[in-house]
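Participant:
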Amino acid sequence: MSPNHQLDNDYYLYGSPVSYYTVKVRSYLLYKGLPFEQIRVSEKIANEIIKPATGGWRVVPVVKTPQGDCIQDSSIILDELEAAHSDRSITPPGLKQQVVSSLFELLGDDWLVYPAMHYRWNYKRYNLNYILNAFGQNRKAGMAKGDPLVGRH
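Residue 152 in UniProt numbering sits at position 152 of the sequence shown, and the numbers go up by one each step.
1) Let me check understanding here. Comparing Cα to Cα, which of V62, E43 and V100 lies closest to residue 174?
2) Are the CB atoms of residue 155 and V25 nearer to each other than 8 Å?
3) Have a look at L103 and D69 and give me their C-alpha separation to the nearest angstrom.
4) Classify Q97 as buried or exposed, calling it buried when 16 or more other Cβ atoms lie within 10 Å of its own Cβ.
5) What are the complete alpha helix (DSSP H) segments, minimum 4 residues, inside the UniProt domain "GST N-terminal" (9–89)?
6) Between the Cα of T65 and those of N47, L81, G56 and S19, spot the shortest distance and give me the residue it belongs to.
7) If I measure Cβ to Cβ from V100 and keep anything under 7 Å in the same chain, skipping five residues before and after, which residues do I get?
8) Do the CB positions of I71 and Y14 come within less than 8 Å of each other?
9) Taking DSSP as the reference, what is the three-state secondary structure of P115?
See the structure below:
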């Protein structure tokens, strides 16, 4: 599929199945039941979609909305989508609960990433084959066949 082609009422999630933050957004989209297609970022997609939308940076995740807008940063993506799709909200109703929820998100995004990356990279005896396979596939221009984390949902 062409990176410029936008399906009606569908979102495009540009990222990597091994990206901590792409998986966060993917989980949200699945929870909300929003139609989306996850697309691995190739050089072409990075140059045509990601970099223009992010001021020249090759970062993921990026979500392209059905209106053609691109949103980057997992927290901002969730905030924008939550504003557009308030059913089955992930935002608690009370102010105190919202503060606690924001603190948990901060903890998960900024502090739990350290142990996650530690266990991903520092146990090569257990993880090396996975790392080489998963990240090797991620560098290909096309998506891997049979990859359950990529494709239309």
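By construction, the Cβ of each residue, glycine as well, lies at the ideal position given by its N, Cα and C atoms.
Please read all numbers here as calculations on a predicted model, not as lab measurements.
Facilitator: Reading from the atomic positions:
1) Since the first residue shown for the chain is 1 and the last is 153, residue 174 is missing from the structure and cannot be characterised.
2) Missing from the structure shown is residue 155; the chain here goes from 1 to 153 and no further.
3) C-alpha separation (whole angstroms): 28 Å.
4) exposed
5) 20–32 and 74–84
6) L81
7) none
8) no
9) helix
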